[in-house]
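Novice:
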Amino acid sequence: MKELEGTKAPDFALEGSDGKRHALRDYRGRTVVLYFYPKDDTPGCTLEACSFRDLNDRFREAGVAVFGISKDGLDAHGKFVSKYGLSFILLSDPEAKTLQDYAAWGEKNLYGKKVTGAIRSTVVIGPDGKIVKHWPQVKDAGAHPAEVLRFLEGRG
């Protein structure tokens, strides 16, 4: 497992569910949460997205930008955002380059089979552009957003 904490966050420029292109460099000086997930509108991914949605006002109050990233295209992202009223931007990484750059792509177990795909994981990038926290494998998708918020609130 690649150690990311303390390293400079890899830059990216990806299309968002809001119809705009988002580059990490545009958020310099802010704290950014990137959560990586396998697929729009699947049970675990929906739990995680809705938990981030429910806490998004608190993330915003703390000055934190939250982005979900998967290989899904903008059509799938748009439907997912509309269906669940998601209040943050989903970024499309169809080539999985950003997923790979953040160690969120690789071999995993899916129902007892080894497959290659997106690994549910999260990074917190500080205002200086360095990764301050990395969860390489999120086990409880529904509870994880609160864990991220607790981490951020504890950093003060």
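Residue 56 in this note's numbering sits at position 19 of the sequence shown, with consecutive numbering throughout. Cβ coordinates follow ideal geometry from the N, Cα and C atoms, glycine included.
1. Alpha carbon to alpha carbon, what distance is there between K120 and G166?
2. Leaving out five residues on either side along the sequence, give the residues of the same chain with a beta carbon under 8 angstroms from the beta carbon of R67.
3. What's the C-alpha gap between V118 and D91?
4. Please name the residue, chosen from F73, K45, R65, that lies closest to W142 on a Cα-to-Cα basis.
5. Measuring alpha carbon to alpha carbon, tell me which residue in D130, A86, R95, F96 is nearest D48.
6. Work out the CA separation of Y64 and L111 for me, nearest whole Å.
7. For A180, count the other beta carbons within 10 Å of its own beta carbon; 16 or more makes it buried, fewer makes it exposed. Which is it?
8. Could you tell me the distance, in whole angstroms, from the CA atom of K145 to the CA atom of S107?
Specialist: Taking the coordinates as given:
1. 33 angstroms
2. G100, V101, A102, P164
3. 13 angstroms
4. F73
5. D130
6. 21 angstroms
7. exposed
8. 16 angstroms
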